[in-house]
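Contents: one structure, followed by commentary.
In my numbering, the protein residues as written are 9 to 224.
Below is the structure:
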């Protein structure tokens, strides 16, 4: 089945760097990881991003998005939103998902009349996609790719990486985004879990980092 081109264009707009959610302001703890030399080159960044996608917030966000898509009722979204926020491992990571989600809800409600209240970012995207009759598989895939793309843009500035190195790392992780998007379609909140402890600690360390470009 061919996905409606209009649906793909809507998703491309929602999850592009031009959509005003402020994703460029957040590094997900990468800034501290670079400062502490835990990430220092293209290979190290690719490994870091792979772990965050597969064992951290990337996978969890996909599961939360799918859950919001399946049941966008106000009561279900309220419970799911509380869960999403509770899973934030640090104040900065909480800020990251809450502020991006609130900005996404404001813009999407104004243009697509989705009637969204402030929600954590993945919950907001999942609910909006369902309310706008957009396909879940493509929403998951493009959300994960957008998540990875934003962190790649941060790495290009922080490590620093050349543009080609950064895009090569992002391209190498495209199959992982596909895998995680496919798995999330059948997973539930019972499957939530994270094992990216160093990335979580990095987001905590970043709170007191002396010189910072990013908000997380």
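Backbone N, C-alpha and C define an ideal beta-carbon position, used for all residues, glycine too.
Taking the alpha carbon of residue i as the reference point, which residue from the options has its own alpha carbon closest?
| i | options | result |
| --- | --- | --- |
| residue 66 | 129, 115, 113 and 80 | 129 |
| residue 22 | 95, 91, 122 and 87 | 122 |
| residue 8 | 132, 195 and 116 | Outside the shown range of the chain, which is 9 to 224, sits residue 8, and nothing can be said about it. |
| residue 162 | 34, 63, 29 and 218 | 34 |
| residue 85 | 205, 222, 197 and 221 | 197 |
| residue 61 | 221, 143 and 159 | 159 |
| residue 72 | 217, 191 and 221 | 191 |
| residue 102 | 212, 219 and 217 | 212 |
So, residue i versus residue j, is the Cβ gap smaller than 9 Å?
| i | j | result |
| --- | --- | --- |
| residue 90 | residue 109 | no |
| residue 215 | residue 28 | no |
| residue 95 | residue 224 | no |
| residue 46 | residue 177 | no |
| residue 19 | residue 147 | yes |
| residue 157 | residue 25 | yes |
| residue 141 | residue 31 | no |
| residue 112 | residue 136 | yes |
| residue 138 | residue 80 | yes |
Using C-beta distances below 8 Å, list every residue in its chain close to residue i, excluding the 5 sequence neighbours before and after it, in chain order.
| i | result |
| --- | --- |
| residue 193 | 74, 144, 145 and 148 |
| residue 56 | 38, 41, 46, 47 and 207 |
Among residues of its own chain, excluding the 5 on either side of residue i, which ones have a beta-carbon nearer than 7 Å to its beta-carbon?
| i | result |
| --- | --- |
| residue 155 | 66 and 69 |
| residue 9 | Low confidence applies here, because residue 9 scores a pLDDT of 47, under 50, leaving its location unreliable; read the following figure in that light. So no residue of the chain qualifies. |
| residue 63 | 202, 203 and 204 |
| residue 58 | 181 and 184 |
Closer than 8 Å: is that where the CB of residue i sits relative to any heavy atom of the ligand ADP?
| i | result |
| --- | --- |
| residue 50 | Ligands are entirely absent from the displayed structure, and the ligand ADP is therefore not among its contents. |
Note down, in chain order, each residue of its chain lying with its Cβ closer than 6 Å to the Cβ of residue i, except the 5 sequence neighbours on either side.
| i | result |
| --- | --- |
| residue 153 | 185 |
| residue 6 | Nothing about residue 6 can be reported from this structure: the residues present for the chain run from 9 to 224 only. |
(Q) Under 8 Å, with one C-beta from each stretch per pair, do the segment 181 to 193 and the segment 39 to 52 reach the 3-pair mark? (A) Contact between the segment 181 to 193 and the segment 39 to 52 is absent: fewer than 3 CB-CB pairs across the two stretches fall below 8 Å.
Q | At least three beta-carbon pairs within less than 8 Å, the segment 66 to 81 to the segment 164 to 179 | A | No contact exists between the segment 66 to 81 and the segment 164 to 179.
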